[in-house]
């Protein structure tokens with residue numbers, strides 16, 4: 008066991024595996040027989056593996072998953088707060104728990120399921136193992152993948168796998184066709200200046216931003232701020248923005264959740280610097296499972312086409 012020194016003496020510190028087992032047993036005891044608490048490794052976007060603790064209520068057919076790494080980091084910093092972390096996780100579960108019901112009949116019937124199929128963007132190279140199991144369409148260095156929307160507001164979703172195509176008797180092009188229609192309707196896009204976005208997050212901070220930066224950068228995302236980078240595929244979104252700003256548009260993929268749009272006409276830095284900016288932000292600011300790409304893109308207005316900067 009790893010050791011750490013506390014003000015009140017020396018205490019053993021559990022490994023992540025031991026912490027996970029402890030939390031599972033403790034929460035099971037607190038919740039009782041009407042709940043089932045399990046722990047398993049979950050492969051997230053970009054192949055990132057996390058420890059997921061699932062709480063399954065007896066009468067529910069869908070269950071929330073809590074990733075324990077964040078709680079474990081708090082525990083490492085202060086091993087004495089173990090019981091406090093149990094209570095914190097339990098309070099989060101009770102507060103966030105809503106009666107989300109997965110209607111399997113609607114999911115199994117193509118006519119009803121097709122109305123709730125949407126798409127999102129992930130990195131192609133970093134998810135090649137997953138892409139062997141799911142229908143997808145390559146887009147530049149990215150992949151378009153599809154999911155079924157269980158709950159729109161809470162973004163409860165089911166990733167579409169190849170086996171789903173078999174019992175729906177459909178194909179990837181059909182998925183793309185319905186997702187292209189559904190996604191902008193279910194998750195409408197928002198374009199806001201970076202000044203406006205920062206003001207929402209930290210009121211007053213925009214006063215300290217440089218005039219050049221706040222006037223040139225815009226953030227494109229969706230109404231729930233989850234997997235919103237795909238908004239750049241929505242029909243006419245980039246075209247309308249380019250027409251409104253008078254030229255080509257640089258696109259910086261800041262994460263899977265949003266992209267930054269920069270009108271090319273007034274940008275004083277080179278395209279090489281833009282690509283370097285994306286890579287630097289990915290290393291310093293973005294969690295590994297939320298990285299979309301290390302490339303910067305450019306929307307060319309007269310071609311109505313998105314290209315990777317530096318490629319022809």
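In our numbering, the protein residues as written are 8 to 319.
Positions of the beta carbon are idealized from the N, C-alpha and C atoms, including for glycine.
Residue 155 and residue 120 do touch by the CB rule: their CB atoms are close to 6 angstroms apart, below 8 angstroms. Taking all protein chains shown into account, residue 265 has 16 or more neighbouring C-beta atoms within 10 Å of its C-beta and is therefore buried.
Apart from the 5 residues on each side of it in sequence, residue 290 has no Cβ closer than 7 angstroms to any other Cβ in its chain.
For residue 314, DSSP records a beta bridge to 305.
Beta-bridge partners assigned by DSSP to residue 149: 130 and 146. Contact between residue 190 and residue 125 holds, with the beta-carbon distance rounding to 4 angstroms and staying under 8 angstroms. Taking C-beta atoms under 8 angstroms as the contact rule, residue 300 and residue 260 qualify, at a distance of about 5 angstroms. Annotation: the continuous beta strand (DSSP E) that includes residue 57 extends over 56-64. Annotation for residue 262: the continuous beta strand (DSSP E) segment containing it runs 256-262. With fewer than 16 other CB atoms across the displayed protein chains lying within 10 angstroms of its CB, residue 112 is exposed. Taking 7 angstroms as the cut-off, the Cβ atoms of residue 20 and residue 127 do not count as close. Taking residue 98 as reference, the option from 65, 38, 76 and 66 with the minimal CA-CA separation is 38. With a 10 Å radius around the Cβ and a threshold of 16 neighbouring Cβ atoms, residue 224 comes out buried.
In its chain, beyond the 5 residues on either side, 45, 70 and 72 have a beta carbon closer than 6 angstroms to the beta carbon of residue 61. The Cβ atoms of residue 293 and residue 304 lie no closer than 7 angstroms to each other. Taken through DSSP and simplified to helix, strand or coil, residue 53 comes out as helix.
Leaving aside the five residues that flank residue 172 on each side, the residues in its chain whose CB is nearer than 8 angstroms to its CB run, in chain order, 142, 178, 179 and 182.
When 96, 311 and 89 are compared, the shortest CA-CA separation from residue 249 is found for 311. Taking a contact as a CB-CB distance under 8 angstroms, the pair residue 33 and residue 93 counts as one, their CB atoms being some 5 angstroms apart. Straight across, the Cα-Cα distance linking residue 202 with residue 227 is about 13 angstroms. Distances from the CA of residue 195 to each of 166, 64, 167 and 239 were compared; the closest alpha carbon is that of 239. For residue 148, the CB contacts under 8 angstroms within the same chain, skipping 5 residues up- and downstream, are 130, 131, 132, 300, 302 and 315 in chain order.
The DSSP-derived three-state label of residue 199 is strand. If the five residues before and after residue 114 are omitted, its C-beta is found closer than 8 angstroms to the C-beta atoms of 120, 155 and 165, all from its own chain and listed in chain order. Take residue 255, set aside five residues on each side of it, and the residues of its chain with a beta-carbon closer than 7 angstroms to its own are 249, 271, 305, 306, 307 and 308, in chain order.
Judged by their CB atoms, residue 43 and residue 63 are nearer to each other than the 7 angstroms cut-off. For residue 193, the enclosing alpha helix (DSSP H) starts and ends at 179-193. Residue 76 is positioned such that its CB atom lies closer than 7 angstroms to that of residue 57.
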